[in-house]
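Single-structure report; data block below.
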Amino acid sequence: MSLDFKIPDDDKSIIEEAYNVRNIWVHNNGRKNQKLVEYLGLDTKDIGQLFTINETYLHKVTQCLSSIQKQFHKLVLKKFT
5 MSLDFKIPDD
15 DKSIIEEAYN
25 VRNIWVHNNG
35 RKNQKLVEYL
45 GLDTKDIGQL
55 FTINETYLHK
65 VTQCLSSIQK
75 QFHKLVLKKF
85 T
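The numbering of the sequence shown is the working numbering, which starts it at 5 and goes up by one.
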């Protein structure tokens, strides 16, 4: 569509982290693994511990994705209307 669509580095980090957390819940029953521990800079003793998703974390991720969606929507409307 040739849109000038840029995602800020902070938002990219939030999305990447959310993707890793999603993988932990889908593929590892919510238990922290070596890859997530390394990515988040956690102590290796956290491996195998349950990764808790709280309301604050969920709000941060949904706000980020909503912001990106709005930006994309705005650019599409600007280009095609």
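Backbone N, C-alpha and C fix where the C-beta goes; we use that ideal spot for every residue, glycine too.
All of these numbers come straight from a predicted model, not from anything done at the bench.
Measuring only the C-alpha atoms, how far is H31 from N24?
As a working note, residue 31 is residue 27 in the sequence shown. As a working note, residue 24 is residue 20 in the sequence shown. In a straight line, the C-alpha of H31 is about 10 Å away from that of N24.
Please look up how many angstroms separate the CB atoms of I57 and L40, rounded, as I've assumed it's under 8 Å.
Numbered from 1 along the sequence shown, position 53 holds the residue referred to as residue 57. Numbered from 1 along the sequence shown, position 36 holds the residue referred to as residue 40. Wrong, their Cβ atoms sit about 13 Å apart, outside the cutoff.
How many Å lie between G45 and F55 at the Cα?
Residue numbering aside, residue 45 sits at position 41 when the sequence shown is read from its first letter. Residue numbering aside, residue 55 sits at position 51 when the sequence shown is read from its first letter. Approximately 14 Å between the Cα atoms of the pair.
Buried/exposed call for K78, threshold 16 Cβ in 10 Å:
As a working note, residue 78 is residue 74 in the sequence shown. Result: exposed.
If contacts are defined as beta-carbon pairs under 8 Å, then F84 and F9 qualify, I think. What distance do you get, rounded to the angstrom?
Position 80 of the sequence shown, counted from the start, is the residue given in the question as residue 84. Position 5 of the sequence shown, counted from the start, is the residue given in the question as residue 9. Their Cβ separation, rounded to whole angstroms, is 14 Å, which puts F84 and F9 out of contact at 8 Å.
Tell whether a beta-carbon distance below 8 Å holds between K36 and I19.
Along the sequence shown, read from residue 1 onward, the residue named residue 36 stands at position 32. Along the sequence shown, read from residue 1 onward, the residue named residue 19 stands at position 15. Cβ atoms of K36 and I19: not closer than 8 Å.
Expressed to the nearest angstrom, what Euclidean distance is found between the alpha-carbon atoms of V80 and K49?
Against the sequence shown, residue 80 aligns to sequence position 76. Against the sequence shown, residue 49 aligns to sequence position 45. C-alpha separation (whole angstroms): 47 Å.
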